[in-house]
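Everything below concerns the one structure shown next.
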Amino acid sequence: MVTRSFSCTRIIPSSSGAKQPPYCRWWGVTCCDQTALAAGECWAVNGVASLAIKADNVNGSFSNPSLMDATEQLHACGMVGLNLESNDISGALEPRWGRFTNLTVLNLANNWLSGTVPAELANLKKLRQLELGTNFLHGSIGDWIGSLKELRVLNLGANAGVNPPVETAAKEGSEAKASKDEKEKEEEEITGMVGTIPAAISKLKFLTELDFQQLRLLLLPLPLLPPLPLLLLVLPLLLLLLLLLLLLLLLLLLLAPAMLAVLNLHSNRLKGSATAALNCLQLASLDLSSNRLTGSVPATKNWTQMVSMKLGRNKFEGVLPDPIFRMQLLTYLDLSGNRLTGGFDDRISLMTFLTHFDVSGNKLSGSIGRGLWFLPQIARVNLANNNFTGTLNPSLGFAWNLREMVLANNTGLVGRLPDEAAGLAHLHRVGLRGTNMSCVPAELAEAHAAERAKGREPPPYRCAGENVLPCFLEFAGYTIPLSDNSKMSCRPIRKLSPDRIITVCPPAALYLLPDPSLEVLAAQWDLSPSYYQYQGCVCLEGHKAVWSRDGTVMRCEYTRTLSASMWVLVGLGAAIALLALSLLLLSRRLLLFRSRWLREAELKRKRRLGVPKDGANVSIVITDIEAYSVLMKTSPALATKALSMHNAVLRKAAADNAGHVIDQEGDSWGLAFYDAQDAVAFCLQAQQAMHKVDWSAGLIGNDTHQGKHHGQPSENVGFNKGSTTTGGHPSRLRQLLGVGSLGVASYTSDAAATHGWLPMRPTVPLATLPSFSGSGSDSRDDNVTADDSLVNANSTSSSLPPGALRASSDTVDGSVGGASLVGVSLQQGGKGFGERQARVDAPGSAFMKLLMRQGSDSTTSHDSVFCGLRVRMGVATGKLPLGDDITRSGVFDLAKVVSDMANGGQVLMDAETFEQIRDERSLAAVDHHGYNDKVFAEQTGSGLLCTHGNCSVPKWLRPSCSRADEETTAVPALKASKLVILDMGEYEVPGINLELVVSGQAPRQQQGPADGGKRAGQQPQDQEQQERRRQRQQRRRKSGRLRVYSVAPSCLADRAREWGNSLAFKEGWRQTDRGFFEAPGAVGAATLTLRDAAVAPDLMPHVTVVCAGVEGAKWLVRWRHAGEVREMARLLRMVYVAALRAVPGGYLCREQEGGLRYMLAFRDAEGALQWCLLVQEALMYAPWPAALLALPEFGEEHAPDSGTLLFRGPRVKMGVCKGRPRSLVANEEGRADYFGASVNQAARYMDAAACGGQVACEIQLIEAVFK
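Everything in the sequence shown is counted per the working numbering, starting at 1 for the first residue and increasing by one.
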């Protein structure tokens, strides 16, 4: 570890050793050896000579003194090169960088540096390479740059730091008469480096590369090299007196910045002439584009090494200078967007290496000579938006490498496209729009042009059918509407195959024979319909064709079959009918859609507020793509395309729900919402949109190549155009987002799973599953063994291969003895959040497995459970502390923790978020477009929530373990909601204080609609409901206790079965309460949505139900203080949960604080009875309040003879019954809830048979246990 507390002699080993120290073999570290020392490249043997770590996610801040101390220590111990390009380093460059006097390389480009460039860098006299581009630096470039005499490379371009507006105003305010443009830009936010290029750069005699692109520099520097003629005039006068001085001066001139090879000043504010660049005689690349330079185009015959010239988008005038045509090595020439005049002749044929020629947007005129087409390497020609005239020379056929030719908007061009272009096999883009080129022969077209120049209209010429197009082109067999306003549809133009071109085109026209081995490209032949005289074009519906000039010109007009007065009557009648229909629909739907209007108004108000400020209640969402780094390593291009589609979905969902992006890094997003409902609605919309996106074929390959490449049968791969794998439903996201054109492959067949396309889920006995608690030896775990199940499972975990099990909750295939064997699902390890084990290492494409992985049980679902990228999301709600950044708040950290616990495609939320959205029925109406008002209207209009044709009350009004007869409904308590919310358990997380997160370290303020209060369109809650919510919140805001909930729409409910209770957690965490899928039989028997098929009664697992209630609870709740009742409920729950940790296989299903009633479920009767006896004894030793013990009903009672303690505190009566429940659903708390005769029987035993402190059950159950 590098520290300033050690001297270099203690850090660097002695050079006498035979081996270098271990750090010299680290990646990116180069140590000094004897050879480098002798060459003068370093000066401390075994010291770190160079540290080059590029694009490796290195993070830190140079504003941190400890980091700067370590860096300076490395420099003091021999470091001469520092290259940290393309990392995540932030902070400012402080003056202490002037101490690094031995550095020769300093490359900090493409990071997050801010501030100004310190002038103390002038002390780095040995510096040869200085690269600080693509950061957030601002300020000006000082004359100190001239002190770096050894500098070869200087890169300060593409910085985006914001300059203070006062400095800019002071500079421009000194000008007496500022132009209108300058006044407007004075008000703009000036970013990047400003000022002028310092003249001291001319002192850098060894400079070869200068990059100042995309800055705000205003003027060119003084001439980079003093003009040679001026020196020749001075030489005779000083020759006798200063001969020695003159020789030294000439030596300096020869080594002056004429050695500059790369000059990049792209996108600045440079004005004036560019003649200063003529002094750089060794230039190979010149980029002065996007400036305000005037005068003639800079060019000199001395630029013999010039390869690339980019001078576009300036104000250059005049003709093309002759030296340009003599640059024989020039390959790229861009002069577009200037004011050049004249033309170019056959001298251009001297530029034999030219590949790119762009002079569009000028005022060039004359004919396009044949010299351009004799260039052997020319690939792209853009002559658009000029004044060229004449016809295209047949020599076009010699440009064998031509790929693009754009001649648009040259109205003087006439004649046909030469047939000689047939041999251009690579030509795939031709733009002739805006020209007068047509199928008219060249001689006749020139004659017609001459007639028009004299003001006379020539007679029309009608082309014959076979001469409409060049010989190598043909019409497609269909029509498509034109993109202009012509209201017509024409046939596309395509190129013939090479074999047909050879047979159709005349031999004299084929300068180059087409190569049949080359694939015919999908060329873009952008010919105006006037070229082929509108043959094959038709007008769109409602328009009619009007021909003129002897059938050579067509236009489309609106059809009028009725008189104007009739049109008025028809329109008036239609308007009246439409108004009447609108009033009818409005009167019927006004109340139903009132909530929508209020919601939109509320969302607009939240968007105007911007990012939540200090002290506001906020809900934060953190998203992350599962295994994105693996996707990038497997296929970077395809993964990047998938990421762009992912970003488009998130941006739309955030905009629809008034979300504010507060953090975005790679594939991770952080968003802030004023309301928990908006945050959850964003997650639901985004997850459904991800599932419905038409992932393009490029992301998944096709059914033929994909299967053959990986050795999979092609019939196992589904490839459906225009639909996704979820039943072929059309996706409107293509129109909304513009992503994808083809569906995705669905791998749900058994054969595919057998061949390794799908990760297989192994059959796991109960004895092999992990323990209930995730803590160390200090906690009481559920040591699940084979004896804890209803049937003894003999298999052990040793029979499974390593890594075969992901820490998940899986159902054992089949049911044994009527009981589904369910596993508990927590992953423990020190790898951090979200790092999970893969289920199996299946062969085939890693990208496909990550992109298209779905559930392994293909027999349970016909639709794809997962489609496309898997995005995990975490939601946390709390209050922002005063004076703290939102990304550094406790709410943000909590949301990150919750997100890291989630699986890919899962949405987790904390308890505070759940409390705010649990009664929001409108969330069930969220689909991939946002709120579906039709679904919401159906739910609110019905008044009841119906299930499978039977209706139940919309709230859970009945008490726990009710004795009401529930035999008439298939799934009695399942809501008709499209939302699935599951309690995933409670966890003790060190270092998290939920009370501070919720309160924001400030007193709670009155909440308004924007900070968690009542939303628009929501009915006010009564006092009793608000009091219950406050009680639940206080119970769950325990320091370090984190309860998480999973939320999903019903269409994605099958994902919950795939995950089970699988969550990622860190070492040291401990589970304090079980989740939904840890209830007995929950994985295989739970009914999550109305569309789930009801489980057959004989397949339901045997469950032992325990109902527990406090005797005299009604009297206590009615007459005692509410605080005492809440304290009693808290202590009761604490004892119940603690006993569950000691007894395996138990689960707390329901709790009703108002009635002090609870229901629990156990896998076997033995565990249920053990729990009952343990609780009865533990209740006597709970820390009951003194006021409660003072009551006669709850006081202490001892045995008369022995004095043994019999009762102390509440007397709890319990009823136990074993049987098969009829259904298992999630209640309003997200807990697993059972319904059936056994549940009712246990409630009856508790109410009618048991007394306080007594456990009642059937005699058969006792006999079975004690056998």
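Virtual Cβ for every residue (Gly too), placed ideally from N, Cα, C.
Alpha-carbon to alpha-carbon, residue j and residue i
| i | j | result |
| --- | --- | --- |
| G904 | E1197 | 55 Å |
| D624 | A1226 | 27 Å |
| A1190 | V1265 | 38 Å |
| G1253 | I1259 | 19 Å |
| V980 | E602 | 26 Å |
| A676 | L982 | 17 Å |
| K19 | R96 | 34 Å |
| R1244 | G1215 | 7 Å |
| G272 | D143 | 21 Å |
| A122 | S147 | 6 Å |
| E920 | V680 | 11 Å |
| D1073 | T634 | 39 Å |
| R380 | T389 | 20 Å |
| S815 | L1224 | At S815, the pLDDT of 33 sits below 50, so the modelled position is not reliable and the matter cannot be decided from this model. |
| Q685 | S1062 | 23 Å |
| Y628 | C505 | 53 Å |
| P165 | W1069 | 51 Å |
Buried/exposed call for residue i, threshold 16 Cβ in 10 Å
| i | result |
| --- | --- |
| F1194 | buried |
| N657 | buried |
| T785 | Unreliable positioning characterises T785 in this predicted model, as indicated by a pLDDT of 35, which lies under 50. A coordinate reading is not provided. |
| N64 | exposed |
| S582 | exposed |
| A277 | buried |
| L585 | exposed |
| V80 | buried |
| R25 | exposed |
| P1049 | buried |
| N46 | buried |
| H1121 | exposed |
Sheet register partners of residue i (DSSP bridge)
| i | result |
| --- | --- |
| M488 | C539 |
| V621 | L671 and V875 |
| C556 | A545 |
| L340 | G318 |
| A653 | In DSSP, A653 forms no bridge with anything. |
| V359 | In DSSP, V359 forms no bridge with anything. |
Proximity of residue i and residue j at Cβ, strictly below 8 Å
| i | j | result |
| --- | --- | --- |
| T304 | T331 | no |
| I493 | F475 | yes |
| L383 | S349 | no |
| L132 | A158 | no |
| A442 | R403 | no |
| D345 | G369 | yes |
| P418 | L444 | no |
| C8 | A76 | yes |
Check: residue i C-beta below 7 Å from any heavy atom of the ligand PLP
| i | result |
| --- | --- |
| D1201 | Absence of the ligand PLP is noted for the structure shown, with no ligands found whatsoever. |
The beta strand (DSSP E) enclosing residue i, as first and last residue numbers
| i | result |
| --- | --- |
| N382 | R380 to N382 |
| W112 | W112 to T116 |
| M193 | M193 to G195 |
| M1159 | R1157 to F1162 |
| N107 | V105 to N107 |
Residue i, enclosing alpha helix (DSSP H) - first and last residue
| i | result |
| --- | --- |
| E1263 | I1259 to F1266 |
| R1118 | A1113 to W1119 |
| D900 | G890 to M901 |
| C1172 | A1165 to A1178 |
| C683 | A676 to K692 |
| L1148 | First-last for L1148: G1146 to Q1152, but that is the beta strand (DSSP E), not the alpha helix (DSSP H). |
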